[in-house]
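Numbering (the numbering used here), first residue to last: 15 to 346.
Where is the CB? At the ideal position from N, CA and C, for every residue including glycine.
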């Protein structure tokens with residue numbers, strides 16, 4: 015008989031609400047556990063008052079919420095949060111620990127695994143059981159062209175970093191209230207080795223929620239041409255994105271980076287302008303419903319994923335295309 019599976023989700027705060035990736039981890043955990051009563055629990059870590067977020071978790075059917083509150087958890091620093099989560103893991107004794115790959119989550123998962131002396135797997139998109147009932151973790155590699163399947167240990171529980179693959183939310187259920195289980199994070203006298211230098215306030219629409227994303231890459235030639243990306247995104251009612259290369263050069267803000275190490279997007283329309291299609295970029299946008307590629311290199315990898323392709327120089331193409339879009343928009 016297959017042993018009962020249990021999953022502990024690390025629920026992360028995003029400006030006073032749960033980060034959307036939390037709901038994807040809840041859905042994945044429920045599928046793995048078969049919806050068994052008590053099969054999915056969560057841990058919240060943050061400053062005093064974080065417990066209020068438990069209501070959102072209960073609404074998805076997560077009955078037990080472990081809560082670690084401490085002033086040292088007010089900032090998104092992996093070391094302090096990993097210490098608190100490790101205490102919750104010892105209390106909950108799950109088969110698996112699931113961490114959404116936010117900016118904090120990408121650091122937190124390996125920190126946590128090290129503290130637990132456990133294995134860690136990143137970039138997972140699916141959890142499942144094999145024929146023997148063992149847990150398998152599925153991860154896309156090589157830009158999503160190949161899937162790697164890992165069988166994971168349950169003692170100690172493995173830590174899995176989970177990536178969003180589609181825009182989704184966990185199904186709301188009728189459970190009105192579950193349990194809050196207090197956790198002492200053990201941070202008395204804790205001194206963080208990381209100093210917060212600058213905080214960038216995020217406002218307006220989120221890139222990962224946009225229905226249209228227009229991204230620019232090195233094919234733009236120089237920083238000033240990124241304005242065409244912003245202009246086209248505005249005309250199409252979407253948001254501008256960017257490749258890692260131009261973010262590294264400072265042509266676009268880091269918050270606009272699309273890819274494995276940036277933001278994963280799931281729009282109805284994705285335009286890749288002057289982007290060749292490196293595997294880390296493809297991993298962040300290849301699930302878009304319609305992909306349009308603009309690149310003079312007809313052998314660029316991006317064309318393997320694009321439904322439509324334009325092989326003109328993007329700096330010549332963009333102004334004319336923007337003008338046509340404006341014309342059509344004015345007549346609609």
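For residue 289, report the span of its alpha helix (DSSP H) as first-last. Note, residue 289: premise wrong, no alpha helix (DSSP H); not H, not E.
With 16 other Cβ atoms within 10 Å as the buried cut-off, status of residue 121: buried
Residue 242, buried or exposed, once every other Cβ within 10 Å from all chains shown has been counted against 16: buried
Taking only the alpha-carbon atoms, compute the straight-line gap between residue 154 and residue 87 and give it to the nearest angstrom. 32 Å
What would DSSP say about residue 175, mapped onto helix, strand or coil? strand
Specify the secondary structure class of residue 40 as computed by DSSP and reduced to three states. helix
Using alpha carbons as the reference points, say which of 244, 278 and 284 lies closest to residue 266. 244
By the DSSP assignment, the beta strand (DSSP E) with residue 57 in it spans what residues? 54-60
Residues bridged to residue 35 by DSSP? Residue 35 is not bridged to any residue.
One question on the structure: do residue 174 and residue 111 come within less than 9 Å of each other, judged by their Cβ atoms? yes
Pull up the CB-CB distance for residue 164 and residue 135, whole angstroms please, since I reckon it's below 8 Å. 5 Å
Assuming residue 340 is part of the alpha helix (DSSP H), what are its boundary residues? 328-345
For a cutoff of 9 Å on Cβ pairs, would you count residue 258 as touching chain C? In summary, chain C is missing from the structure at hand, where a single protein chain is found.
Should residue 15 be labelled buried (16 or more other beta-carbon atoms within 10 Å of its own) or exposed? Because the pLDDT at residue 15 is just 42, under 50, the model does not fix this residue reliably, and the value given afterwards should be weighed accordingly. Looking at its Cβ environment, which holds fewer than 16 other Cβ atoms inside 10 Å, residue 15 is exposed.
Three-state class that DSSP yields for residue 283 in the structure shown: strand
Whole-angstrom distance between residue 253 and residue 24, CA atom to CA atom: 29 Å
Is it true that the CB of residue 108 sits closer than 9 Å to the CB of residue 22? yes
Separation of residue 94 from residue 210, as counted between CA atoms: 13 Å
Through-space distance from residue 162 to residue 47, alpha-carbon basis: 21 Å
Along the beta strand (DSSP E) that carries residue 193, what are the first and last residues, could you check? 193-196
Apply the 10 Å Cβ neighbour rule to residue 31 and answer buried if 16 or more other Cβ atoms are within range, or exposed otherwise. exposed
Would you identify the three-state DSSP class for residue 150, choosing helix, strand or coil? strand
Could you pull the DSSP bridge partners for residue 22 from this structure? 55 and 111
Please find out if some non-hydrogen atom of the ligand PLP comes closer than 8 Å to the beta-carbon of residue 335. The model on display carries no ligand, and the ligand PLP is accordingly not part of it.
Between the alpha carbons of residue 84 and residue 264, how many angstroms are there, rounded? 36 Å
Grab the span of the alpha helix (DSSP H) containing residue 245 for me, first residue to last. 240-249
Answer yes if the region 220-233 comes into contact with the region 271-291, meaning at least three C-beta pairs across the two stretches below 8 Å, and no otherwise. yes
Per DSSP, the bridge partner or partners of residue 322: 306
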